[in-house]
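Residue numbers (our numbering): 1184 to 1577. Ideal Cβ placement from N, Cα and C applies to all residues, glycine included. Below is one structure; the comments refer to it alone.
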């Protein structure tokens, strides 16, 4: 496969702009112990703190995750070297590499929380997943709505008025219901232990011909529903599958390599607060081996529901997640630039490099291939506990 981009820049941008000034934790694969370790990033190095926190779930559920992240541990070497070895195409499997920072957490996701992506979901529905109809429907939809939905507070009286007006015009949608209605869409994105990290290959189902990356901020919640940190995430989506029926959401969303999180988790501390998450800017660049390139970006300030509301609608007295949760907050935008033909919109090609960057969260970069070609998911929760028991860290 031809490399679509130069990885050096993404490796150099692995950390946030303030380096390791914050409390940064992650997971790496250690070939010498044939399993994963929880690590802390300090002074340009990677420190294994698995003896104090055997899993990331244990760390993020601790009474004081920041203090636990500062535990003594084993130095594993230079961060840049490990980040460079995380790139799947050039990985030396005898050396450590970064994994997704999530392990036992439930992998959940919120949908249609941004107006730009909300409209694209409605387009998916009205075209039944046919990209050739997307541009015409997009124009019709914008003309029919006639207002800026970003000014509408979900669940408000104004939202009900908008709903009534759109029902009268036969323009109401299940996506508009969760976009501006009282209840957020929360779905299961992936299984615990299944997400991939920086440098890994992400998977597109071979049946799909219309698909896209979904750049998102991922909230890290503990078992009580408190937000304790954040990361970047790619909620890879098959637009043609979801567009056929919302009942196919699981098939569109949960596939091998279809959930990327990373590069690390930044814990909340005196350098990083909930308001930093609320104001985060996330950029997206997709570069193809066919010289195709798109660049876009968006701010969390455009979200229609507050992050604590999203976490509260996910984890509450009505539904618990004792191992904690990785909660995707919704995609800020969906690429719709034409790629293969006029009016055809965007879809991935094998070999694409997808790069997400946020100043206080670092860079999450991955390459695209088919779900049946990339490495299968084989190391689950049972394998994790067998490995930790063998190492004597439980």
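Do you know offhand how far residue i's Cα is from residue j's?
i	j	result
residue 1216	residue 1463	37 Å
residue 1309	residue 1297	19 Å
residue 1345	residue 1337	11 Å
residue 1471	residue 1479	15 Å
residue 1225	residue 1347	55 Å
residue 1291	residue 1369	7 Å
residue 1551	residue 1391	13 Å
residue 1515	residue 1468	14 Å
residue 1420	residue 1570	32 Å
residue 1572	residue 1356	50 Å
residue 1386	residue 1411	29 Å
residue 1557	residue 1438	11 Å
residue 1430	residue 1257	47 Å
residue 1563	residue 1242	19 Å
residue 1265	residue 1278	8 Å
Take residue i and list the residues in its own chain whose beta-carbon comes closer than 6 Å to its own, dropping the five residues that flank it on each side.
i	result
residue 1247	none
residue 1167	Absent from the structure is residue 1167, since the part of the chain shown begins at 1184 and ends at 1577.
residue 1377	1560
residue 1448	1208, 1284, 1403, 1412, 1414
residue 1245	1251
residue 1526	1318
residue 1316	1310
When you compare each of the options to residue i by their alpha carbons, which one comes out closest?
i	options	result
residue 1561	1245, 1440, 1351, 1348	1440
residue 1361	1209, 1414, 1339	1339
residue 1497	1270, 1355, 1421, 1511	1511
residue 1321	1402, 1305, 1436	1305
residue 1282	1288, 1269, 1274, 1294	1269
residue 1218	1457, 1553, 1495, 1238	1238
residue 1553	1384, 1431, 1503	1384
residue 1220	1227, 1210, 1501, 1379	1210
With a threshold of 16 other CB atoms inside 10 Å of the CB of residue i, please say whether the residue is buried or exposed.
i	result
residue 1129	The requested residue 1129 is not part of the displayed model; the chain covers only 1184 to 1577.
residue 1389	exposed
residue 1358	buried
residue 1353	exposed
residue 1311	exposed
residue 1474	exposed
residue 1484	exposed
residue 1350	exposed
Excluding sequence positions up to five away, which residues of its chain have a Cβ less than 8 Å from the Cβ of residue i?
i	result
residue 1192	none
residue 1454	1201, 1204, 1205, 1206
residue 1568	1577
Only counting the same chain, and skipping five residues up and downstream in sequence, which positions put a Cβ closer than 7 Å to that of residue i?
i	result
residue 1583	Residue 1583 lies beyond the range of the chain shown here (1184 to 1577); nothing can be said about it.
residue 1276	1214
residue 1342	1335, 1336, 1363, 1364
residue 1520	1477, 1529
Taking only runs that begin and end inside the segment 1362-1417, name each unbroken beta strand (DSSP E) of 3 or more residues, in chain order.
Runs of the beta strand (DSSP E) inside the segment 1362-1417: 1368-1373, 1384-1387, 1398-1404.
Could you give the uninterrupted runs of the beta strand (DSSP E) lying entirely in the segment 1476-1509, keeping only those of 3 residues or more?
If one requires a minimum length of 3 residues, the beta strand (DSSP E) runs lying completely within the segment 1476-1509 are 1476-1482, in chain order.
Report the residue ranges of all beta strand (DSSP E) runs contained in full by the segment 1513-1544; include only those spanning at least 3 residues, in chain order.
Every beta strand (DSSP E) of 3 residues or more that sits fully in the segment 1513-1544 is shown, in chain order, as 1536-1541.
In chain order, each alpha helix (DSSP H) run of at least 4 residues that lies wholly inside the segment 1276-1320:
If we require 4 residues or more, the alpha helix (DSSP H) runs fully inside the segment 1276-1320 come out as 1298-1310.
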